[in-house]
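Novice:
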Amino acid sequence: MVGDHITTAERQPALATTAAGGAPGPGGVLLTGATGFIGMQLLARYLERTNRRVYTLVRGADNREVQARMQQTLARLYGSDHPYSDLVVALRGDITEPGLGLGRIGDSLSERVCDIVHGAASVSFSLGLPASRRINVVGTREVLAFADRCQMRGDLRRMSYVSTAFVSGEHGGCFSEDDLDVDQRFRNPYEASKFEAERMVGRSRSHLPVTILRPSIVVGETGSGFTTSFNVLYWPLRALARGAYQALPARSDGVVDVVPVDYVADAIFALTAAREAEGATFNLTAGRSASSVGEILELACNFFGRSAPRLIEPQLYRHVLHPLLLRSSRSDRQRRALKSSEVFFPYFATKGTFDDRRARVALRGTGIAPAPLHTYFDRLVEFALRAEWGRQSPVRAEVCRGPARTPRRQSRTTVRRVAGVQPAPTLVPAV
Ligand SMILES: NC(=O)c1ccc[n+]([C@@H]2O[C@H](COP(=O)([O-])OP(=O)(O)OC[C@H]3O[C@@H](n4cnc5c(N)ncnc54)[C@H](OP(=O)(O)O)[C@@H]3O)[C@@H](O)[C@H]2O)c1
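Residues 129 to 559 in my numbering are what the sequence shown lists, from first letter to last.
#1: Grab me the residues of Asn264's own chain with a C-beta within less than 8 Å of its C-beta, minus the 5 sequence neighbours each way, in chain order.
#2: I'd like to confirm the pairing. Which residues does DSSP put opposite His246 in its beta bridges?
#3: By DSSP, does Asn191 sit in helix, in strand, or in coil?
#4: Going straight from the alpha carbon of Arg342 to that of Asp394, what length do you get?
#5: State the Cα-Cα distance for the pair Gly150 and Asp214, rounded to the nearest angstrom.
#6: Report buried or exposed for Ser296, applying the criterion of at least 16 other Cβ atoms within 10 angstroms of its Cβ.
#7: What are the uninterrupted segments assigned as alpha helix (DSSP H) that are 4 or more residues long and contained completely in the region 197–261, given in chain order?
#8: Would you please state the rounded distance, in angstroms, between the beta carbons of Leu399 and Phe410? I believe it to be under 8 Å.
#9: Go ahead and pull the three-state DSSP assignment for Ile424.
#10: My guess is that Phe476 and Gly382 are in contact by the Cβ rule of under 8 Å, so how many angstroms apart are they, rounded?
#11: Mind checking whether the beta-carbon of Ser254 lies closer than 7 Å to any heavy atom of ligand 1?
#12: Who are the Cβ neighbours of Val157 in its own chain at under 6 Å, not counting the five residues just before and after it?
#13: On the premise that Thr178 lies in contact with Leu219, defined as a C-beta separation below 8 Å, what is that separation, rounded to the nearest angstrom?
#14: Taking 6 Å as the limit between beta carbons, can you name the residues of its chain near Gly221, skipping five residues before and five after?
#15: Please work out which residues of its chain come closer than 7 Å, Cβ to Cβ, to Val386, disregarding the five sequence neighbours upstream and downstream, and give them in chain order.
#16: Is it a yes or a no for the region 296–306 touching the region 269–286, going by three-plus beta-carbon pairs under 8 Å?
#17: Per DSSP, Ser419 is paired with what?
#18: State yes or no: is the C-beta of Pro343 nearer than 7 Å to some heavy atom of ligand 1?
#19: Tell me which same chain residues have a C-beta within less than 8 Å of the C-beta of Met168, skipping the five on either side of it?
#20: What residues are listed by DSSP as bridge partners for Val448?
#21: With 16 as the cutoff for other CB atoms within 10 Å, does Ser380 come out buried or exposed?
Right, dumping it as structure tokens:
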């Protein structure tokens, strides 16, 4: 019920009207991060597969903006014509604020929520540690405090926390679902803050029915390539499409563990409901089927009809070439591109792997499993080109219906036109 039922987060009697008004199924679900990449897919699953009331915590200056943002999210999923508005209650809030910024609504909400799925986070690799901690650690603490309230006042069945497999940091070996603190160092404040948050969530197992879900690098949907996020893997793909690299700081045998968002959302949806998942942690990763840098480069070069860039030892790049390139870059734009590229490079020089045995066993028989990247790689890139790497916002439902797809292989000219620039062969990533 976007818009009609909750007037402002401060005027909370509206919540009672809402919950009593429609015909919700058993127990409400609170989603944080529903306007984001993974949260939006989770929202879609609750809407399409249950008749439960879904409460979403959405940031916004006022209630009008919150409702508009929720409408935009639904429109991105379904276009303008869909039957789901009546199941969603968008609430203005912020995980970093006491009581999630819900004000008086918090008490009545806590009586109605049976499942919490906490996916809200800052996923920026370049945000500083204090700011990352504020959202990822302080925010998670507030969500846990709200879960306590739900448990005291209502009937909390599960508190699911979306962590990341990269709480493993730079750990070089196999990282299991029981591992957390292995004396690892972290590549960035995102990993460090998610580690701290997961440790805190783990401790709350003593009194809360917690499940921890750890996806690795999440990319678009297996069937359509649909995504709203063009981060880690997309970044070098886009640069390759533009012919921006003659060389890359990466190791051919570097492990790149990628999973499609439909697997991640299906798994979170299923495990949140599974009794045996209570108290457990799951690596939602490709595990033994993870790709290598070499494999991804081959897939990408085949797709774009390009020859593979040379791979440079990452240490050599970081300590010698990168500073040189920064010093000699001719414009601020080029320097910014270099700077923003550097946060992704460590993910293409890793040796660490993930053991996802518990997730595979728990999901056995459900048909929920991550497809190997090579089986849907082309669809990811086709969608990225169609979305112009995030500049356009195709509607998921339309993409899934599958209007004319771009051909598997495109001429270099077509790829360059869609990618939006003429190639500029250089070591400097011109993104
Ligand atoms: N994407 C991946 O590859 C990946 C991999 C492993 C794990 N994860 C985890 O999956 C979760 C979702 O990631 P994502 O990729 O979907 O991120 P995303 O697209 O950036 O979405 C983040 C969501 O969190 C919300 N949010 C951020 N700060 C908030 C605050 N202070 N109060 C309330 N909401 C706030 C955002 O709201 P706004 O719309 O207002 O910004 C947005 O809805 C995160 O916990 C992340 O660590 C992601």
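Glycine included, C-beta positions come from ideal geometry on N, C-alpha and C.
Specialist: In short:
#1: Within the sequence shown, numbered from 1, the residue matching residue 264 stands at position 136. So the qualifying residues of the chain are Ala249, Ser250, Tyr318, Ser321, Lys322, Glu324 and Ala325.
#2: As a first step, residue 246 is located in the sequence shown; it is residue number 118 there, counting from the start. Note: His246 sits in a beta bridge opposite Thr160 and Tyr289.
#3: Within the sequence shown, the letter at position 63 stands for residue 191. If DSSP states are grouped into helix, strand and coil, Asn191 belongs with the helices.
#4: What you label residue 342 is simply residue 214 of the sequence shown in a count that begins at 1. What you label residue 394 is simply residue 266 of the sequence shown in a count that begins at 1. The alpha-carbon of Arg342 is positioned some 13 Å away from that of Asp394.
#5: Within the sequence shown, the letter at position 22 stands for residue 150. Within the sequence shown, the letter at position 86 stands for residue 214. With a pLDDT of only 44 at Gly150, under 50, the local geometry of the prediction cannot be trusted, and the value read off the model is given with reservation. Each residue's alpha carbon lies about 8 Å from the other.
#6: Counting from 1 along the sequence shown, the entry for residue 296 is found at position 168. Buried, by the Cβ-count rule.
#7: Listed in chain order, they are 233–240 and 257–261.
#8: Your numbering for residue 399 matches position 271 in the sequence shown. Your numbering for residue 410 matches position 282 in the sequence shown. The C-beta separation of Leu399 from Phe410 comes to about 6 Å, placing the pair in contact by the 8 Å criterion.
#9: Numbered from 1 along the sequence shown, position 296 holds the residue referred to as residue 424. Looking at Ile424 - three-state DSSP - the assignment turns out to be helix.
#10: As a working mapping, residue 476 is identified with position 348 in the sequence shown. As a working mapping, residue 382 is identified with position 254 in the sequence shown. Right, the Cβ-Cβ distance comes to about 5 Å (below 8 Å), so this counts as a contact.
#11: Residue numbering aside, residue 254 sits at position 126 when the sequence shown is read from its first letter. Of the heavy atoms belonging to ligand 1, none sits nearer than 7 Å to the Cβ of Ser254.
#12: As a first step, residue 157 must be located in the sequence shown, where it is residue number 29. Correct list, in chain order: Tyr174, Arg180, Val182 and Asp243.
#13: Looking up residue 219 in the sequence shown gives position 91. Looking up residue 178 in the sequence shown gives position 50. 19 Å between Cβ atoms; not a contact.
#14: Taking the sequence shown and counting its residues from 1, the one referred to as residue 221 is at position 93. Result list for Gly221: Leu185, Leu228, Gly229 and Leu230, in chain order.
#15: Reading the sequence shown from its first residue, position 258 is the one you call residue 386. Excluding positions up to five away in sequence, the list reads Ser344, Ile345, Val347, Leu361, Ala414, Ser419 and Leu501.
#16: They do not touch, by the three-pair rule.
#17: In the sequence shown, the residue the question calls residue 419 occupies position 291. Answer by DSSP bridge pairing, in chain order: Val384.
#18: If you number the sequence shown from 1, residue 343 lands on position 215. Result yes, Cβ under 7 Å from ligand 1.
#19: Residue mapping note: residue 168 aligns to position 40 of the sequence shown, counting from 1. Closer than 8 Å at Cβ, skipping near neighbours: Ala162, Thr201, Arg204, Leu205 and Thr356.
#20: On the sequence shown, residue 448 is found 320 positions in, with the first residue counted as 1. Note: Val448 is not bridge-paired with any residue in the DSSP secondary-structure output.
#21: Along the sequence shown, one-based indexing puts residue 380 at 252. Around the beta carbon of Ser380, fewer than 16 other beta carbons lie within 10 angstroms, which makes this residue exposed.
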